[in-house]
Amino acid sequence: MIKRRTLVKSLLAAAILSVTVPVGYVPAARAAEATAVFAGGCFWCMEAPFDKIPGVISTTSGYAGGRVANPTYRQVSAGGTGHLEVVKVVYDPNRVSYEKLLDTFWHNVDPFDGGGQFCDRGSQYLSAIFASGDQKRAAQASKEALEQKFGRSIATQVRGAATFYPAEDYHQNYYRTNAVKYRFYRSRCGRDARLKAVWG
């Protein structure tokens, strides 16, 4: 019996050692990740358009561009911190381009409104793109292309990258977790009607 067990163990060990890794084998890598930050008025309304895009990994509502660390919604909505409501988009650049995200952003804002967005007024609701390097150059180029297309100035700002602070939990995925209230707010704010007027 002892000899038989020893033989079985020896055979198993030999089988394990005989397993070889094919030449050129590379373990599957994690999806590449990049980040984009957009301000389009109420952040509740900016998550859904990006969540629908294949290649987008996550969206997070938050604040950027201000002078106070870890701002609260109450502080930002009062307009005293300098922050804008934004959405941070984490995406796989191998599956979706930054230019695609820019196109989605533009078609979900009123680019001519320099005082807020839709029914939300004040600097905290301005439309803006926060970016640096190639992203910032692409954002600026897309803005200039729209100015040529429409034949008028675009109010949306292209800003440098800024610290992002996530908003409170109850703001995240609001369009899903509070669908009825979200639809009522969006309709009453006139967002879709204005977007149709601008973009067709």
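Numbered according to mature numbering (1 follows the signal peptide of the UniProt record, and there is no 0), the sequence shown spans residues -31 to -1, 1 to 169. Idealized CB from N, CA, C, for every residue including glycine. In this text, all values refer to a predicted model and were calculated from it rather than measured experimentally.
| Asked | Found |
| --- | --- |
| Nearest-angstrom Cβ-Cβ length linking residue 34 and residue 99, presumed shorter than 8 Å | 7 Å |
| Reduced DSSP category for residue 153 - H, G, I as helix; E, B as strand; rest coil | helix |
| Best match in 65, 134, 156 for proximity to residue 144 [C-alpha to C-alpha] | 156 |
| Local conformation of residue 80 per DSSP, three classes | coil |
| Residue 123 versus residue 154 - alpha carbon distance | 26 Å |
| The stretch 70 to 77 touching the stretch 43 to 55, judged by at least three CB pairs closer than 8 Å | no |
| Best match in 161, 7, 162 for proximity to residue 56 [C-alpha to C-alpha] | 7 |
| Segment contact flag, the stretch 95 to 115 with the stretch 14 to 26, C-beta cutoff 8 Å, min 3 pairs | no |
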